Amino acid sequence: MVIIKEEINNQLKRICEVGFPDEVCGVLIGKMEDNNFVISDFKICENTNHERSIDRYELNPKDFMSAEKYAKDHGLDIVGIYHSHPSHPAIASETDKLYAWPGFIYLIYSIYENRYKDLIGWIINEELDKFETTKISIS
Ligand SMILES: [Zn+2]
7 MVIIKEEINN QLKRICEVGF PDEVCGVLIG KMEDNNFVIS DFKICENTNH ERSIDRYELN
67 PKDFMSAEKY AKDHGLDIVG IYHSHPSHPA IASETDKLYA WPGFIYLIYS IYENRYKDLI
127 GWIINEELDK FETTKISIS
């Protein structure tokens, strides 16, 4: 399960709305607690896929590394990645699955016409080679 602070979730929704019609992306920062992803912070990363920024994202590795340092400095870890799906449902694509790292939570925010529509969390199930959805608790 994902446990995310309402304030953080609201900020992420807003960032994904403002980024429309491009995909925006970044890292989710927090801790693993009893197999739950507890998300308490995040860092925006540049989407370096400029050619297909409407339906692809690639995290700027420099942003990723500085986010990693930021997390460590705060006694936290990068626990996953968020990105937006402009004008598409929050369903993980084949590309999303292909590039997903085991043990990471992937939050996809669906945005239509600059407005947040839906949020779905995805985790790789290595045994079944499947991308599975997970429950999200916003508190
Ligand atoms: Zn995607």
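Residue numbers (the working numbering): 7 to 145.
Beta carbons are placed, not taken as given, at the ideal position from N, Cα and C, and that holds for glycine.
Keep in mind it's a predicted model, so treat the numbers as computed, not measured.
Coarse secondary structure for Ile60, derived from DSSP in three states: coil
Extent of the continuous alpha helix (DSSP H) to which Lys75 belongs: 67-79
Reference Phe26, options Pro95, His91, Ala73, closest by Cα: His91
Sequence ranges, beta strand (DSSP E) only - wholly within the region 96-122, length at least 3: 111-118
Distance cut-off 7 Å: Ala98 Cβ against heavy atoms of ligand 1: yes
Nearest-angstrom Cα separation, counted from Glu138 out to Gly109: 12 Å
Residues that Leu89 bridges to, as DSSP identifies them: It is His, not Leu, that sits at residue 89 in the sequence shown. Paired residue(s): Cys31, Ile114.
Given 8 Å, three or more beta-carbon pairs between the region 112-120 and the region 79-94: yes
Glu64 versus Cys51 - alpha carbon distance: 9 Å
For Leu82 and Ser72, the rounded distance between their alpha carbons: 13 Å
Lys146 (DSSP reduced to helix, strand or coil): Because the chain here runs from 7 to 145, residue 146 falls outside it and cannot be looked at.
Beta-carbon proximity check, Lys49 vs Ile35, cutoff 8 Å: yes
Near ligand 1: His91 beta-carbon under 7 Å from a heavy atom: yes
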